[in-house]
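What follows is a short report on a single structure.
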Amino acid sequence: METDVLLQNLELFILIFVRIFALISIAPLLSSAGIPGIAKVGLALFTGIVVFPWVAEQGYLIPQSGFSYAMLMVGEIFIGLILGFMLTVIYSAFLLSGQLYSMQMGFGASMVYDPLAQIQIPLMGQFINLMAMLIFVIVSGFQKIFLMGVLRSFETIKAVDLLVIREPLLTLVLRSMTLLFEQALVIAFPILGVLLLISVSMGLLAKAAPQMNLLMLGFPIKISMAFVMLFLALPFILVAFNRVIDSSFFELMNFLDNIAGEKL
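Note that this note's numbering gives residue 63 to position 71 of the sequence shown, counting from 1, and the numbers run on in steps of one.
Encoded structure:
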């Protein structure tokens, strides 16, 4: 019976599927190249089947024109990409903070391949990303993606709403970029502050005692102090990671609530 209902409402199910697949394609962890494409398609299909009865009950007007339906599909893909972009900001903040660590520690040239970001990143960036991945799983990040990114989004926004609602989308992009740098600095500040003090101290010593070879001594001192500070600040960093993830989902929820308010 469920299969018959899906076939009778195939146009609606396709719209649900393309939004979910677009979200999965760029969402944190799920967009990793290590996950086969067929697995992503299967996850999108399964999620679409789960939410289909609820979306069908809400009501979704399907246009009769093929061109209008194609434009509606493009709009659903765009919505999925927007939601995925908002979640991707989480990992971008961790990646940026790791790059700030590495550059100040002297590891800027030590690059490794990150399978999540699919780019070459500094060594400390990989370490930060691995910690962020574990915390994302611990705080039920996947459940939040399903509840907020899928269920809540279908409740508040449809593709046709993009024609009349523009300001919340622009606000989302601007706030996301602002949060990216703010969160990266919050995560990196404990170590960056200490390294800055060390650099200032080295500069003062170089002026006071020019005969000292501070160029050779500076790098091991900065690297050692950075690792010591990373160990001491680890509890704070873990709490900051949790807050960053929670704030990102809060911003996503706030965006969807603003969309719902615009439609009233």
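Glycine included, every Cβ here is placed at the ideal spot set by N, Cα and C.
Checklist line | Those residues which DSSP pairs with P114 across a bridge | finding: M103
Notebook entry, point to check: Do you know how far the Cα of Y52 is from the Cα of I113?
Noted result: 44 angstroms
Check: Are I54 and Y61 touching if we call contact CB-CB under 8 angstroms?
Finding: yes
Next item on the list: Look up G76 in the DSSP assignment and say whether it is helix, strand or coil.
Entry: helix
Notebook entry, point to check: F228 and P182 look like a contact to me (Cβ under 8 angstroms); what is the Cβ gap, rounded to whole Å?
Noted result: 6 angstroms
Note to self: Measuring straight from C-alpha to C-alpha, what distance separates L244 and N1?
What the structure shows: 29 angstroms
Item checked: Inter-residue spacing [alpha-carbon to alpha-carbon] between M(-7) and I41 -> At M(-7) the pLDDT is 42, less than 50, meaning the model places this residue with poor confidence; the figure from the coordinates comes in the next sentence. Cα to Cα, the separation comes out at about 13 angstroms.
Margin query: For a test of the three-state rule: what should DSSP assign to A25, helix, strand or coil?
Written below: coil
Check: Do the region 87 to 96 and the region 112 to 128 make contact, defined as three or more Cβ pairs closer than 8 angstroms?
Finding: yes
Margin query: Please identify the residue among T80, I127, N246 and L126 whose C-alpha is closest to the C-alpha of A19.
Written below: T80
Notebook entry, point to check: Closest by CA to L7, which one among S24, F223 and E68?
Noted result: E68
Checklist line | Unbroken alpha helix (DSSP H) run spanning Q135, endpoints | finding: G133 to K136
Next item on the list: Between the Cα of I190 and those of I213, K199 and A180, spot the shortest distance and give me the residue it belongs to.
Entry: I213
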